[in-house]
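Just so you know, we're using the working numbering here: the sequence shown kicks off at 633 and counts up by one.
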Amino acid sequence: MSRTILTSLVALAVLATGGLLVFSQPAQVSAQEGSSPSMQQVPVESDMHEFMEYINQPSFKRLKKEMAKADDGLKWGAIKSEALTLAEVGNLLMIRKPSNDADDWAQHAVTVRENGRKLYVSAKAKQVDGVRASYREMIKNCNQCHEQFAGGEHILTP
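Structure below.
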């Protein structure tokens, strides 16, 4: 009887581990080849200036306002919210690649996502130095992208 219980426990552990592995994998949101057109990623707004003005700019302004506060006055929830939004914008930028220099664009988009992720993680842990460093890196990357793709317009100041 104890052998049966042991076998059952081992089987249960294997099933549980398999389930955890399946559910711990990141979700795949990109459309598969041959999927229906309604399942494809399509920008709602194709004009990059409009996209930046109504998606990025409000988040940046709110984040900039928070980052101007003294360390002990930072509102972590607000920083996490804007950081997560900007991180996900990196993913949205991937479906808006320009016809020229698409690889450079993609690298900037990945850097936006990663800096946003680092900013979010630092804010979650209430790590002031990490938040400030990630914020500066985010602005630096945005400005490099604006130099390359917007002719130096829309340069941000931290």
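Note that CB positions come from ideal geometry on N, CA and C, so glycine has one too.
Nearest neighbour of residue i, chosen from the options [CA to CA]
i	options	result
V760	H740, S731 and E698	E698
P730	S668, E785, Q673 and S678	S678
N732	K758, A765, A782 and K701	A782
A765	Q780, R749 and M671	R749
D704	Q673, N688 and K758	K758
I711	Q689, Q672 and Y767	Y767
Q689	Q776, G784 and I771	I771
H778	Q673, Y686, H681 and A700	H681
H786	Q673, L706, Q672 and E685	E685
Distance CB(residue i)-CB(residue j) smaller than 9 Å
i	j	result
V719	L751	The sequence shown places Ala at residue 719, rather than the Val named in the question. Cβ distance < 9 Å, so A719 and L751 count as in contact.
V742	G762	no
V753	N773	no
H740	L725	yes
E714	N747	no
Supposed close pair residue i, residue j - CB separation, criterion 8 Å
i	j	result
L788	F683	Incorrect: roughly 16 Å between the Cβ atoms, too far for contact.
W708	A738	Actually they are not in contact, since the Cβ atoms of W708 and A738 sit about 31 Å apart, beyond 8 Å.
P790	R728	So it is not a contact: roughly 25 Å between Cβ atoms.
Q780	D735	Wrong, their Cβ atoms sit about 12 Å apart, outside the cutoff.
Output the residue ranges of the alpha helix (DSSP H) runs that lie fully inside the segment 676–722 and measure 4 residues or longer, sorted by chain position.
680–683 and 689–699
Quick one: complete beta strand (DSSP E) runs, 3+ long, within the segment 726–770?
none
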